[in-house]
Amino acid sequence: MAAEAEVLDELHRLRARVPQLTGALAASVDGLVLAQDTPGVEPEGLAALTAAALGVAVRMADATRQGDFRELLVRGEYGYVATYAAGPSVVLTLLAGDRANVGRLHLEGRRSGTRIGALVEAAAVEAQPTTAARLPAKPAVPRTRTARTARTTTEPTGESR
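If you read the sequence shown in UniProt numbering, its first letter stands for residue 1, the second for the next number, and so on.
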């Protein structure tokens, strides 16, 4: 996808804005890595786990009638894992240390998710094959009808031959 380099740039900018981030990953909702900056963490495994967690989070939000999935936050002993919707087909997963400011994490994660979603959507639109412009149809030739001749029927006269 053409947006991969731009998405990776956004991940780098995000990590620069939030120094407590230890990793950032953009993946498709089915668990394929789009771009990653996750030193020390295997990105394919993280993307697969993100897809699994996303599936559960979407079902939980739906079952409790909370609307569409927006974000998921997991707090562990050593830090946070936050996942944000980034358009209809991509999720952003952030890893942060235990001293991270969660408000700042959410603020920057939501903004980056929106940017990444827009980048991926724009690339998808550009990647769609353009349909060749249709040539104008030939001008319709006016149709004329030939005059009909009256039908004649011969009625049996009752005479036999």
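The beta-carbon is built from N, C-alpha and C at its ideal position, and this holds for glycine as well.
How many angstroms separate the CA atom of residue i from the CA atom of residue j?
i    : j   : result
P129 : G97 : 43 Å
G117 : G79 : 25 Å
R15  : A82 : 14 Å
A47  : T64 : 25 Å
A61  : V91 : 16 Å
For residue i, count neighbouring Cβ atoms within 10 angstroms of its own Cβ and tell me buried if that reaches 16, exposed if not.
i    : result
A132 : Unreliable placement is indicated for A132, whose pLDDT of 49 sits below 50; the coordinate value is still reported in the next sentence. With fewer than 16 other Cβ atoms within 10 Å, it is exposed.
R17  : exposed
A27  : buried
V41  : exposed
G45  : exposed
E108 : buried
Could you say which of the options lies nearest to residue i if we only look at CA atoms?
i   : options                : result
G87 : P19, L32, E6 and V120  : V120
A99 : L46, Q20 and A16       : Looking at the sequence provided, one finds Arg at residue 99 rather than Ala. Measuring from the Cα of R99, the nearest candidate turns out to be Q20.
R49 : E126, V29, L11 and E71 : Looking at the sequence itself, residue 49 is Leu, so the reference to Arg does not match. L49 has its Cα closest to that of V29, out of E126, V29, L11 and E71.
L34 : L72, L11, R75 and A127 : L11
V7  : S112, P39 and R75      : S112
How about residue i and residue j: do their beta carbons lie closer than 9 Å?
i    : j    : result
A51  : G31  : yes
R104 : Y84  : no
S89  : A122 : no
T93  : A3   : no
L54  : L72  : yes
Can you check DSSP and say which residues form a bridge with residue i?
i   : result
T64 : In the DSSP output, where bridge partners are listed per residue, T64 has none listed.
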